[in-house]
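Below: one structure, written as structure tokens.
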Amino acid sequence: MMEGFDKAWGVCCELLSKPEFKAKLAEFVDKNCDVFEADEENKLEYTSIHNQYVEIADDALSDGLIAAMGPDFDMVAFLEAVPGYLEKVAGGGEKTTEATGETVDVLLNFTSFESFKETMLLAKRNKAGGSAAEAGSGNVTLDQEMQDMVKMAEEGEWRTLKKEPWCTCEMATSPTGVETIRCVLDSPLAPDQCLDMTFGTERKEWDDNMRIEKLPNDRYKISVKYPYMPKMEYDVRFLIKRGFPDEGCITWVYRSLKKDGETLDMSAGTAVGKGIIRPKGGGSQLCVIEEMPSMMKYVPTFLLNWFITSFMLKMLQKQEARYKKAKGIA
Numbered sequence: 001m002m003e004g005f006d007k008a009w010g011v012c013c014e015l016l017s018k019p020e021f022k023a024k025l026a027e028f029v030d031k032n033c034d035v036f037e038a039d040e041e042n043k044l045e046y047t048s049i050h051n052q053y054v055e056i057a058d059d060a061l062s063d064g065l066i067a068a069m070g071p072d073f074d075m076v077a078f079l080e081a082v083p084g085y086l087e088k089v090a091g092g093g094e095k096t097t098e099a100t101g102e103t104v105d106v107l108l109n110f111t112s113f114e115s116f117k118e119t120m121l122l123a124k125r126n127k128a129g130g131s132a133a134e135a136g137s138g139n140v141t142l143d144q145e146m147q148d149m150v151k152m153a154e155e156g157e158w159r160t161l162k163k164e165p166w167c168t169c170e171m172a173t174s175p176t177g178v179e180t181i182r183c184v185l186d187s188p189l190a191p192d193q194c195l196d197m198t199f200g201t202e203r204k205e206w207d208d209n210m211r212i213e214k215l216p217n218d219r220y221k222i223s224v225k226y227p228y229m230p231k232m233e234y235d236v237r238f239l240i241k242r243g244f245p246d247e248g249c250i251t252w253v254y255r256s257l258k259k260d261g262e263t264l265d266m267s268a269g270t271a272v273g274k275g276i277i278r279p280k281g282g283g284s285q286l287c288v289i290e291e292m293p294s295m296m297k298y299v300p301t302f303l304l305n306w307f308i309t310s311f312m313l314k315m316l317q318k319q320e321a322r323y324k325k326a327k328g329i330a
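Rendered as structure tokens:
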């Protein structure tokens, strides 16, 4: 890794968090995001816009970095080192302070056109104001978890982390004292399609980050690999209920199994997933709930803000678009 990277990283975080820079970049994204389409074609116009984005960010960073690091500072080498640095921190090889979602996004958008395109598509969806749909024994334990989850979803004191016209991310503390994240988003997909997109065994066709494999005795293997984070694998048992808590809803909960492959693992930080799909208009409202101790086993602390308020939303948006294409849904 380049010499002085840690210092340069700190300078970047400071420069990119300045209100004037954030306002300028937000204005640029808002002006240009409508040009982008959720397809595999990368038009020349996209490249031109990306180059302008890079120029804006480069202007904000260059003088400050040179002033802090000296006239011989190599911006290209620094940007090329960012992805590897994030992976090393995620694996425990380095320590750093928390980076904001905006900082990580800007730096990744420098070197990755795909990351930039996802940022623009997310901004386009936020600007549009929502989805197209809105416009037009072990099971005993899982059942109790489902009941508790629904009660918390409806009665919990949720505080907003990020709010967009089509999606809201919130946090609350459960009655047992566990910090919990909730993402609620509107989708044009029907509830059954939403369920298939989320837990279908063909998920690899529309999601690069997660695989789901059906095992004997009503078990499933979930494999998760997010960028800059270690790979996680665990066997789980699902409980899915239809018509609960209300007609048309589909509610689920899953929990990791112990090494015997049968007993539910009730220890702190084990993999737990929960959610509710509600019919809404001609589509659905998808509510995904994650417990923080479970999430922090694969998301390093310094990337948590970025993961929740930026990466997760882009991932869900991209997953939905690819699912529709894979299933031939207009």
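Going by full-length UniProt numbering, the sequence shown opens with residue 1, and the numbers climb by one from there. Every residue gets a Cβ at the ideal spot worked out from N, C-alpha and C, and that includes glycine.
Here residue 35 is exposed, its C-beta having fewer than 16 other C-beta atoms within 10 Å.
Per DSSP, residue 166 lies in no beta strand (DSSP E) and is assigned neither H nor E.
The beta carbons of residue 184 and residue 44 sit no closer together than 9 Å. Contact between residue 252 and residue 104 fails: their C-beta atoms lie close to 30 Å from each other, not under 8 Å.
With contact defined as three or more Cβ pairs closer than 8 Å, the region 173-192 and the region 273-288 are in contact. Here residue 310 is buried: its Cβ has 16 or more other Cβ atoms, across all protein chains shown, within 10 Å. Between residue 214 and residue 198 a beta carbon distance of about 15 Å is seen, past the 8 Å cut, so the two are scored as non-contacting.
Short of 8 Å from the beta carbon of residue 256, and not among the five residues preceding or following it, lie these beta carbons of its own chain, in chain order: 234, 235, 236, 264, 265, 270, 271 and 272. Cβ atoms of residue 56 and residue 24 come within 8 Å of each other, at about 7 Å. Taking C-beta separations shorter than 7 Å and ignoring five residues to either side along the sequence, the partners of residue 191 in its chain run 248, 250, 277, 279 and 284, following chain order. Out of 5, 14 and 109, the CA that lies nearest to the CA of residue 81 is found in 5.
Residue environment analysis places residue 159 among the exposed positions, since fewer than 16 neighbouring C-beta atoms fall within 10 angstroms of its C-beta. Exposure of residue 63 is indicated by the presence of fewer than 16 other C-beta atoms within 10 angstroms of its C-beta. DSSP, read as helix, strand or coil, puts residue 189 in coil.
The alpha-carbon separation between residue 318 and residue 211 amounts to approximately 16 Å.
Boundaries of the alpha helix (DSSP H) around residue 294: 292-295. Annotation: residue 295 to residue 231 spans about 13 Å, alpha carbon to alpha carbon. Residues of the same chain with a CB within less than 6 Å of the CB of residue 323, apart from the 5 flanking positions on each side, are 197 and 206 in chain order. Look at residue 8 here: in three-state DSSP terms it is helix. Bounds of the alpha helix (DSSP H) holding residue 320 are 312-327.
The three-state reading of DSSP puts residue 226 in coil, since its state is none of H, G, I, E or B. In the structure shown, residue 70 falls within a coil segment according to DSSP collapsed to helix, strand and coil. Scanning its chain for C-beta atoms nearer than 8 Å, with the 5 sequence neighbours on each side dropped, one finds around residue 15 the residues 21, 60, 61, 64 and 65, in chain order. Closest in C-alpha terms to residue 153, from the list 162, 169 and 165, comes 169.
Annotation: the region 243-281 contains the following complete segments of the beta strand (DSSP E) (minimum length 3 residues), in chain order: 250-256 and 272-280. Sixteen is the threshold: when 16 or more other Cβ atoms of the shown chains lie within 10 Å of the Cβ of residue 290, as they do, the residue is buried.
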